[in-house]
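When we follow the working numbering, the leftmost residue of the first sequence carries the number 3, and every step to the right adds one.
Glycine included, each C-beta is placed from N, C-alpha and C at the ideal position.
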Amino acid sequence: MPELPDAEVFRRRIARNGLHRRIETVRVSDERLLDGISPSTVRRRLKGREMESTRRHGKHVFVELSEGQGWLRLHFGMTGTIRVLKEGDERPDHVKLQLDFPGGRSLAYTNTRTFGRIGLADDVGTFVEEKHLGPDALRELDLSRFRRLMGGKSIKATLMDQSAVAGLGNVYTDETLFQAGLYPGARADRLRDGTVEALYRAMRRVLEKAIEAGADPEAMPDDFLLPNRGAGGACPRCGRGLRTEKIAGRMTYFCPHDQRRKQ
DNA sequence: AGTACCACCTGACGGC
DNA sequence: TGCCGTCAGGTGGTAC
3 MPELPDAEVF RRRIARNGLH RRIETVRVSD ERLLDGISPS TVRRRLKGRE MESTRRHGKH
63 VFVELSEGQG WLRLHFGMTG TIRVLKEGDE RPDHVKLQLD FPGGRSLAYT NTRTFGRIGL
123 ADDVGTFVEE KHLGPDALRE LDLSRFRRLM GGKSIKATLM DQSAVAGLGN VYTDETLFQA
183 GLYPGARADR LRDGTVEALY RAMRRVLEKA IEAGADPEAM PDDFLLPNRG AGGACPRCGR
243 GLRTEKIAGR MTYFCPHDQR RKQ
């Protein structure tokens with residue numbers, strides 16, 4: 003479930019292990035993920051270049067290539083990851099793109115389910131615009147702008163809409179709504195001002211804490227819903243069983259006792 | 001305009 | 001043991 007926190011963890015992993023190192027070899031092992039480019043184009047643009055900087059917007063990660071070769075962009079779909087491989091490490095399953103650096107270190111983009119995308123971009127801002135991505139949930143969205151996103155659909159659908167807020171998916175949307183004590187099916191434009199503000203603060207805190215935990219559910223604060231998602235999960239606040247309901251087309255976990263608020 | 005549903009893909013899991 | 005159906009969930013498409 004790579005959403006904003008996972009993408010941020012991957013971005014940092016790439017930066018820590020790949021910045022200012024020459025890409026010696028490029029291995030594309032699954033063309034299906036390539037977004038409008040051929041394997042040979044990927045190789046030509048990456049091979050021999052260095053990674054100069056990294057960026058993230060919502061769930062997308064960008065890596066700037068030296069010599070004006072633009073940006074490598076990565077999207078992780080549902081099952082994408084970035085792995086660091088050292089010399090002699092066993093190659094993980096489902097590696098789709100592998101970049102090798104001098105000294106035997108490699109970065110591997112793995113993805114079991116092939117829903118992600120690997121592409122190139124000349125400019126991050128242009129890509130964000132063309133993709134109609136909304137402001138990044140953590141870096142670009144202030145409270146007044148957040149308020150203006152509240153329209154006629156459910157708050158869950160609103161938070162998951164990448165053209166409204168970039169970065170939240172099913173899991174962190176549920177977490178945010180749990181932390182705010184709000185019923186996920188509530189209509190966004192009926193929320194009281196104070197509720198919208200509480201929601202905004204909950205969203206930021208959830209994303210920040212999740213990043214601090216390295217996006218690892220086991221390392222998250224005790225009052226997080228996330229590790230309890232799944233059959234038989236209990237509310238970390240009241241201990242009662244979580245309820246599931248399909249809201250905005252997604253399986254939604256919530257506590258019927260602690261998330262009764264609808265406005 | 002908003003919601004519902006499907007497809008894409010693979011692995012896990014439950015039922016028989 | 002193993003086969004089958006179902007589910008997960010990001011995104012993008014279509015239908016209502």
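{"Asked": "Gln100 in three-state terms, based on DSSP", "Found": "strand"}
{"Asked": "Beta-carbon proximity of Ile249 to Pro186, cut-off 7 Å", "Found": "yes"}
{"Asked": "Top-ranked residue by Cα proximity to Leu184, from Gln261, His62, Ala221, Gln71", "Found": "Gln261"}
{"Asked": "Simplified DSSP state of Thr117, which is helix, strand or coil", "Found": "The amino acid occupying residue 117 in the given sequence is Phe; Thr does not appear at that position. Looking at Phe117 - three-state DSSP - the assignment turns out to be coil, as it is neither helix nor strand."}
{"Asked": "Buried versus exposed, by CB contacts within 10 Å (16 or more), Met253", "Found": "exposed"}
{"Asked": "Arg242: first and last residue of the uninterrupted alpha helix (DSSP H) it sits in", "Found": "Careful: Arg242 lies outside any alpha helix (DSSP H) and carries neither H nor E."}
{"Asked": "Delimiting residues of the beta strand (DSSP E) encompassing Tyr185", "Found": "Counting along the chain, Tyr185 falls outside any beta strand (DSSP E), and DSSP gives it neither H nor E."}
{"Asked": "CB contact flag (Glu52, Glu66, <7 Å)", "Found": "no"}
{"Asked": "Rounded Cβ spacing between Val28 and Leu101 (contact assumed at less than 8 Å)", "Found": "6 Å"}
{"Asked": "Supposed contact pair Phe64 and Pro4 - C-beta distance, whole angstroms, cut 8 Å", "Found": "Wrong, their Cβ atoms sit about 15 Å apart, outside the cutoff."}
{"Asked": "Reference Arg207; option with closest CA among Cys240, Ala110, Arg141", "Found": "Arg141"}
{"Asked": "Alpha-carbon to alpha-carbon, Ser156 and Gly234", "Found": "26 Å"}
{"Asked": "Distance CB(Gly136)-CB(Val167) smaller than 7 Å", "Found": "yes"}
{"Asked": "Burial state of Leu179 (16 or more Cβ within 10 Å)", "Found": "buried"}
{"Asked": "Ala110 - DSSP class collapsed to helix/strand/coil", "Found": "strand"}
{"Asked": "Per DSSP, the bridge partner or partners of Tyr255", "Found": "Thr246"}
{"Asked": "4-residue-minimum alpha helix (DSSP H) runs that sit fully inside the segment 195-238, ordered along the chain", "Found": "195-214"}
{"Asked": "Of the listed residues Ala215, Gln164, Asp224, nearest to Pro7 (C-alpha basis)", "Found": "Ala215"}
{"Asked": "Ala212 classed as buried or exposed, judged by whether at least 16 other C-beta atoms fall within 10 angstroms", "Found": "buried"}
{"Asked": "Straight-line gap, Thr112 to Val30 (C-alpha atoms, nearest Å)", "Found": "11 Å"}
{"Asked": "Beta-carbon spacing of Asp176, Gly60 below 7 Å", "Found": "no"}
{"Asked": "One or two residues paired with His77 in a DSSP bridge", "Found": "His62, Arg119"}
{"Asked": "Asn172 to His96 span [Cα, whole Å]", "Found": "24 Å"}
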